[in-house]
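**Student:**
Protein chains: 2
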Amino acid sequence: MKNIPKISEAEWEVMKVLWAKGPCSARDIILALTQGDPDWHPKTVKTFLGRLVAKKAIAFEREGRAYLYHPLANRAECVSKASENFLKRVFDGALRPMLAHFVENRKLSASEIRELRRLLEQKGEP
Amino acid sequence: MKNIPKISEAEWEVMKVLWAKGPCSARDIILALTQGDPDWHPKTVKTFLGRLVAKKAIAFEREGRAYLYHPLANRAECVSKASENFLKRVFDGALRPMLAHFVENRKLSASEIRELRRLLEQKGEP
DNA sequence: ATAAATCGCTTACAAATGTAATCAAAAAGG
DNA sequence: CCTTTTTGATTACATTTGTAAGCGATTTAT
Numbered sequence: 017m018k019n020i021p022k023i024s025e026a027e028w029e030v031m032k033v034l035w036a037k038g039p040c041s042a043r044d045i046i047l048a049l050t051q052g053d054p055d056w057h058p059k060t061v062k063t064f065l066g067r068l069v070a071k072k073a074i075a076f077e078r079e080g081r082a083y084l085y086h087p088l089a090n091r092a093e094c095v096s097k098a099s100e101n102f103l104k105r106v107f108d109g110a111l112r113p114m115l116a117h118f119v120e121n122r123k124l125s126a127s128e129i130r131e132l133r134r135l136l137e138q139k140g141e142p
Numbered sequence: 017m018k019n020i021p022k023i024s025e026a027e028w029e030v031m032k033v034l035w036a037k038g039p040c041s042a043r044d045i046i047l048a049l050t051q052g053d054p055d056w057h058p059k060t061v062k063t064f065l066g067r068l069v070a071k072k073a074i075a076f077e078r079e080g081r082a083y084l085y086h087p088l089a090n091r092a093e094c095v096s097k098a099s100e101n102f103l104k105r106v107f108d109g110a111l112r113p114m115l116a117h118f119v120e121n122r123k124l125s126a127s128e129i130r131e132l133r134r135l136l137e138q139k140g141e142p
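These protein sequence lines are chains B and H, in that order. In short: position in the first sequence from 1, add 16, done, that's my numbering. In short: position in the second sequence from 1, add 16, done, that's my numbering.
#1: Would a check of beta-carbon distances place Ile129/H closer than 8 Å to chain B?
#2: Going along the chain, which residues of the stretch 93 to 111 of chain H sit with their C-beta nearer than 9 Å to a C-beta in chain B?
#3: Within 10 Å of its beta-carbon, does Ala82/H have 16 or more other beta-carbons around it, so buried, or fewer, so exposed?
#4: For Ala116/H, go through chain B and note every residue whose CB falls closer than 9 Å to its CB, in chain order.
#5: Measure the alpha-carbon distance for Asn19/H versus Val95/H and round it to whole angstroms.
#6: Compute the beta-carbon to beta-carbon distance between Ile23/B and Ala73/B, rounded to the nearest angstrom, for a pair I have assumed lies under 8 Å.
#7: So, using beta-carbon positions, are Arg91/H and Glu27/H closer together than 8 Å?
#8: Assign Ser125/H to one of two classes, buried (16 or more other C-beta atoms within 10 Å of its C-beta) or exposed (fewer than that).
#9: Given this structure, state the Cα-to-Cα distance separating Arg122/B from Thr63/B, to the nearest angstrom.
#10: Under the criterion of a Cβ to heavy atom distance below 7 Å, does His57/B qualify as lining the ligand ZN?
#11: Cβ closer than 7 Å: which chain B residues qualify as neighbours of Asn121/H?
#12: Can you check whether the CB of Tyr85/H is closer than 8 Å to the CB of Pro39/H?
#13: Trp28/H versus chain B: which residues are under 8 Å apart at the beta carbon?
#14: Since I believe Leu49/B is in contact with Glu29/B (beta carbons under 8 Å), could you give me their beta-carbon distance rounded to a whole number of angstroms?
#15: Considering Arg91/H, what are the terminal residues of the alpha helix (DSSP H) in which it resides?
#16: Compare the C-beta of Leu49/B against all C-beta atoms of chain H and say whether one is closer than 8 Å.
#17: Any beta carbon of chain B sitting closer than 8 Å to that of Leu68/H?
#18: Hey, is Leu124/B's beta-carbon within less than 8 Å of any beta-carbon in chain H?
#19: Below 8 Å between beta carbons: does that hold for Val106/B and Leu135/H?
#20: Residues in the same chain with beta-carbon distance under 6 Å from Pro113/B, minus the five sequence neighbours each way, listed in chain order, please.
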């Protein structure tokens with residue numbers, strides 16, 4: 017059985033950087049994050065890195081004085097876990113109402129609708 | 017601007033009961049919850065009721081000695097908020113990958129697929 | 001009427017989370 | 001070489017969350 021760590025909201029941002037960019041130094045991660053949102057404080061990011069290591073969501077190897085961090089947790093699995101969790105909490109685990117909600121609420125472009133329909137067709141007639 | 021309260025995971029369960037059943041006494045809520053999961057402790061539920069009142073997610077009126085609680089927060093709005101939040105955190109706000117994930121990962125029954133397709137068609141040709 | 005159950009109110013307390021600051025060692029710049 | 005910067009480690013601290021227990025008033029059952 018896989019041990020999918022529980023990743024908090026803010027920690028997700030850090031994980032996303034690592035999943036996207038692969039092995040990174042703390043500095044790289046901080047750069048990537050402040051890029052998107054200047055409010056990220058370097059010290060805060062360091063704290064999260066430490067916590068993620070403790071949770072075994074990531075690991076590092078020394079590279080000179082600094083560390084090179086890399087994900088341990090698998091992105092797809094974390095996504096699945098978070099998704100199931102959300103689905104359960106908000107929609108009692110029922111997929112259809114959830115999809116309906118998104119399709120209704122967020123305006124989908126015609127192309128998005130086409131693409132989704134293609135997806136459904138693939139699933140529909142295997 | 018609406019003030020949509022921040023509802024925690026466990027508090028969601030309480031809210032769902034209130035949204036589903038309308039005005040309820042604490043006792044009713046506790047019953048409903050323990051029905052689904054015997055692990056709910058009455059005192060714990062009371063705590064959440066108090067916190068939800070403090071957050072103005074619910075309110076109550078006296079009914080004899082007990083209280084009759086009812087939702088203040090609108091379900092649809094809370095659902096939207098939680099959904100946007102989840103979408104942003106896990107899928108960077110991109111709807112298509114999210115929908116794809118669910119359609120791919122969770123097996124949809126043929127009827128669910130048909131229904132979803134209908135939904136998309138309604139959206140597709142207004 | 002007296003004891004038991006129930007109510008809401010108040011208080012408790014650890015873990016998780018967000019948000020950093022301090023500190024010591026090491027590296028880099030001048 | 002000495003100063004500034006950088007880095008990881010350690011420590012701090014308020015807030016939120018999960019999970020209740022205690023207390024005093026009030027019903028309710030006996």
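Just so it is clear, CB atoms sit at the ideal spot from N, CA and C, and this is done for glycine as well.
**Tutor:** With the structure as the only source:
#1: yes
#2: Cys94, Val95, Ser96, Ala98, Ser99, Glu100, Asn101, Phe102, Leu103, Arg105, Val106, Phe107, Asp108, Leu111
#3: exposed
#4: Glu131, Leu132, Leu135
#5: 14 Å
#6: 6 Å
#7: no
#8: exposed
#9: 35 Å
#10: For the structure depicted, the ligand ZN is absent and the ligand set is empty, with no information on it obtainable.
#11: Ser96
#12: yes
#13: Arg105, Val106
#14: 6 Å
#15: 91 to 107
#16: no
#17: no
#18: yes
#19: no
#20: Phe107
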